[in-house]
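Below: the structure, in structure tokens.
Numbering (the numbering used here), first residue to last: 187 to 319.
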């Protein structure tokens, strides 16, 4: 199946330079992903602080608690991804393949996390989004 998809996209795994191309792509995205992950962590820390400073704190209502826990989970998973990718990059042999596996798994998690946030948003009232918090 994977080979069919690669052929459909015009990527032939039998190319001599395929590993070189993959390594080059890895070098290009490592720094960008590091800063992207840092941005996510900083943004979620700001969200944790902002929800914690609301009257009643983060555990006043179940919906607010859910947001707090989701922010915390995203921070922890992002830190684990950064640590895992740094550990994989120290291993020199085929590190780019493991790096991309970790990144793809993180993107799947991030998508489901976004779905969870959206579903939690749906629990709110009909007024302004902050009314239900």
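No residue lacks a Cβ here, since even glycine has one placed at the ideal position from N, Cα and C.
Taking residue i as the reference, give the member of the options with the closest Cα.
i, options, result
"residue 217", "290, 266, 287, 272", "272"
Let's see if you can read the secondary structure: which residues bound the alpha helix (DSSP H) around residue i?
i, result
"residue 239", "Note, residue 239: premise wrong, no alpha helix (DSSP H); not H, not E."
"residue 305", "281-308"
"residue 203", "Unbroken run through residue 203: none, as it is neither H nor E."
"residue 260", "248-276"
Alpha carbon to alpha carbon, how far is residue i from residue j?
i, j, result
"residue 241", "residue 309", "20 angstroms"
"residue 245", "residue 255", "10 angstroms"
"residue 281", "residue 301", "31 angstroms"
"residue 243", "residue 304", "21 angstroms"
"residue 294", "residue 257", "16 angstroms"
"residue 236", "residue 260", "16 angstroms"
"residue 270", "residue 287", "11 angstroms"
"residue 248", "residue 210", "46 angstroms"
Inspect the beta-carbon positions of residue i and residue j and report whether they are closer than 9 angstroms.
i, j, result
"residue 263", "residue 289", "no"
"residue 253", "residue 306", "yes"
"residue 212", "residue 285", "yes"
"residue 276", "residue 208", "no"
Does the ligand GTP have a heavy atom nearer than 8 angstroms to the CB of residue i?
i, result
"residue 261", "The ligand GTP is absent from the structure shown, which contains no ligand whatsoever."
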